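Comments concern the structure below.
Numbering (this note's numbering), first residue to last: 16 to 647.
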């Protein structure tokens, strides 16, 4: 349902309504109006004929669906009544009322809400229904007209629309009672049907513009428990001859009451720290001198709202008691922002907050100030107890034992002990367990005191086994040549040595160079740490006096000189050997591993005769070349 507001209403500030005729509420039909209120006749049904009216909270479509179906009045709130009028054939007054108790020489606004209940449709009244045309008349009791206003024709519409009409009038001096007369200037017939609701009279005066110093809003807040002064102001425009002022207060929706002594356009409201929480409204009432005490004669500003907000209920919590070197965890709740203060100069706006590596001087009371969305704050505190942590120590941090032996570990500094790993210990919960590790092991001990605070220490036990010694593979060399030995040792040792100390560059390195003059064995010996055993290995160095290359062999199967063999090539593992026949074809070839030639090529015996060989030792020496003869 739409609403329209017509002109001729008060453009300044209002006083409280003196009259508000809503026609009441209840079940259908409503009671008839007093006889002096209307010249029309009352009917109880919802479709009155010309010259009749009814009072209803709803009405169905009437007269062949030419009227709107109304389900509520203008006032709202449920089951509210409105006056439903079907105009008389001749123009006449349909609502008359006497308003008493006004002030002389004062200005008032009269207003009412009216609806044309006829529906705009081609079939209704030939598409041209009669439209209501209302004149409002404000009169003295003797009939003298003080002010009139006309609505003009209230248009027929396709939707139900409430329209507000009214006028502003001034009472003569000494006049306190007036008559309101509503006359329908249009004749009855097809159309000219209306609904009436919410008739009001209220004082009207110059514009009053309230404000709060320091803000452009008419709303502000104060916090519970905080004393605060708020300056209220009101600008009064011209229009009064001799204006007088009165500030008023309403608490939590109560009736506005005068504030004694506040009689200027400015007021400083002092909210004490004990002010109850709630909603306070303030307004300035203004009237001509002598009329201020009479509500019918004064106007009031729009209200200023000051809300005293309840301060937040703030909580402070911690994880106390804690141990030194651990973290303090502080948590505030019940607010939006937080500010923490505490011992040792602590200050933080974080929440929750961790204070890492806490020290004994960090113990004490921590205070948090929590602030809510309105800026109101409250404070809470929590006590943090910090217990000293033990100092864990071990008898040694690094020691060595032989495989199969045991050692007594030892820790101190607390009342309870926990060793890890525990599988090689006699008892992991005492200060001095016996350890028998099979491998080098890092032991950790957690020492705990009576306040359940702990510290950690470490000790390493190295386990020494007999070392594993490898002197390397046997070597083959030609006389007067050098060869490098390749020894290796696994395990913890005190020392090692090569023996004998003959024709060797250094007996105390793993890779010495040797050049014995005859075949010799060299031994690498290692002594384990802590006297945990000795291990050794040997390598043989075989010597060829030179490279002897036979120039004939007899591969006839008699087991005598059946192959062409050059044993000294073992001393040259990178060598290459090729044998050619008289036609330049390769009949025998070896690379990096020598194997005697049996005189065959592709499994077939080669014919007697001369062959040529070429041997590259791959050591920088010239290629060895010569002739080889096969004889069978």
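Just so it is clear, CB atoms sit at the ideal spot from N, CA and C, and this is done for glycine as well. None of the values given here were measured: they were computed from a predicted structure.
DSSP three-state assignment for residue i, whether helix, strand or coil
{"i": "residue 95", "result": "strand"}
{"i": "residue 293", "result": "strand"}
{"i": "residue 376", "result": "helix"}
{"i": "residue 554", "result": "strand"}
{"i": "residue 142", "result": "helix"}
{"i": "residue 423", "result": "strand"}
{"i": "residue 633", "result": "coil"}
{"i": "residue 51", "result": "helix"}
{"i": "residue 22", "result": "Residue confidence is low: residue 22 scores 47 on pLDDT, short of 50, so the model does not pin down where it sits. Its coordinate-derived value is still stated next. It is coil, neither helix nor strand."}
{"i": "residue 496", "result": "coil"}
{"i": "residue 338", "result": "strand"}
{"i": "residue 545", "result": "helix"}
{"i": "residue 369", "result": "strand"}
{"i": "residue 311", "result": "helix"}
{"i": "residue 359", "result": "helix"}
{"i": "residue 509", "result": "strand"}
{"i": "residue 162", "result": "strand"}
{"i": "residue 400", "result": "coil"}
{"i": "residue 563", "result": "coil"}
{"i": "residue 462", "result": "strand"}
{"i": "residue 514", "result": "strand"}
{"i": "residue 447", "result": "coil"}
{"i": "residue 638", "result": "coil"}
{"i": "residue 628", "result": "strand"}
{"i": "residue 386", "result": "strand"}
{"i": "residue 170", "result": "coil"}
{"i": "residue 646", "result": "coil"}
Span of the beta strand (DSSP E), counted from its first residue to its last, around residue i
{"i": "residue 219", "result": "208 to 220"}
{"i": "residue 417", "result": "413 to 417"}
{"i": "residue 195", "result": "193 to 199"}
{"i": "residue 33", "result": "Counting along the chain, residue 33 falls outside any beta strand (DSSP E), and DSSP gives it neither H nor E."}
{"i": "residue 153", "result": "148 to 154"}
{"i": "residue 283", "result": "281 to 286"}
{"i": "residue 483", "result": "483 to 485"}
{"i": "residue 477", "result": "469 to 479"}
{"i": "residue 176", "result": "176 to 185"}
{"i": "residue 14", "result": "Residue 14 falls outside the range modelled here, since the chain spans only 16 to 647, and no answer is possible."}
{"i": "residue 131", "result": "122 to 131"}
{"i": "residue 442", "result": "That residue, residue 442, is in no beta strand (DSSP E); it is neither H nor E in DSSP."}
{"i": "residue 82", "result": "Here residue 82 belongs to no beta strand (DSSP E), and DSSP marks it neither H nor E."}
Residue of the options minimising C-alpha distance to residue i
{"i": "residue 241", "options": "130, 196, 393, 126", "result": "393"}
{"i": "residue 420", "options": "426, 223, 476", "result": "476"}
{"i": "residue 624", "options": "459, 646, 630, 264", "result": "646"}
{"i": "residue 549", "options": "594, 510, 180, 397", "result": "510"}
{"i": "residue 219", "options": "281, 155, 315", "result": "315"}
{"i": "residue 354", "options": "395, 524, 629", "result": "395"}
{"i": "residue 64", "options": "412, 49, 592, 209", "result": "209"}
{"i": "residue 145", "options": "101, 207, 192, 122", "result": "207"}
{"i": "residue 268", "options": "632, 24, 318, 116", "result": "318"}
{"i": "residue 254", "options": "302, 154, 283", "result": "302"}
{"i": "residue 24", "options": "155, 151, 512", "result": "151"}
{"i": "residue 440", "options": "431, 450, 345", "result": "450"}
{"i": "residue 512", "options": "505, 520, 501, 524", "result": "524"}
{"i": "residue 325", "options": "237, 518, 124", "result": "237"}
{"i": "residue 374", "options": "55, 400, 60", "result": "400"}
{"i": "residue 191", "options": "204, 170, 169, 154", "result": "154"}
Test item: CB-CB of residue i and residue j under 8 Å
{"i": "residue 482", "j": "residue 541", "result": "yes"}
{"i": "residue 82", "j": "residue 130", "result": "no"}
{"i": "residue 535", "j": "residue 553", "result": "no"}
{"i": "residue 312", "j": "residue 280", "result": "no"}
{"i": "residue 285", "j": "residue 244", "result": "yes"}
{"i": "residue 479", "j": "residue 418", "result": "yes"}
{"i": "residue 458", "j": "residue 424", "result": "yes"}
{"i": "residue 167", "j": "residue 148", "result": "yes"}
{"i": "residue 118", "j": "residue 256", "result": "no"}
{"i": "residue 71", "j": "residue 93", "result": "no"}
{"i": "residue 122", "j": "residue 185", "result": "yes"}
{"i": "residue 559", "j": "residue 582", "result": "yes"}
{"i": "residue 68", "j": "residue 100", "result": "yes"}
{"i": "residue 407", "j": "residue 385", "result": "no"}
{"i": "residue 298", "j": "residue 266", "result": "no"}
8 Å Cβ cutoff, residue i in contact with chain B
{"i": "residue 358", "result": "Among the chains of the structure shown, chain B does not appear; only one protein chain is present."}
beta-carbon residue i near the ligand PLP non-hydrogen atom, thresh 7 Å
{"i": "residue 282", "result": "No copy of the ligand PLP occurs in the structure displayed, which carries no ligand at all."}
query = Which whole runs of the beta strand (DSSP E) in the region 222 to 279 are 3 residues long or more, in chain order?
reply = Along the region 222 to 279, the beta strand (DSSP E) occurs as fully enclosed runs of 3 or more residues at 223 to 227, 234 to 238, 243 to 251, 258 to 266, listed in sequence order.
In chain order, each beta strand (DSSP E) run of at least 3 residues that lies wholly inside the region 570 to 626 = Listed in chain order, they are 591 to 595, 601 to 606.
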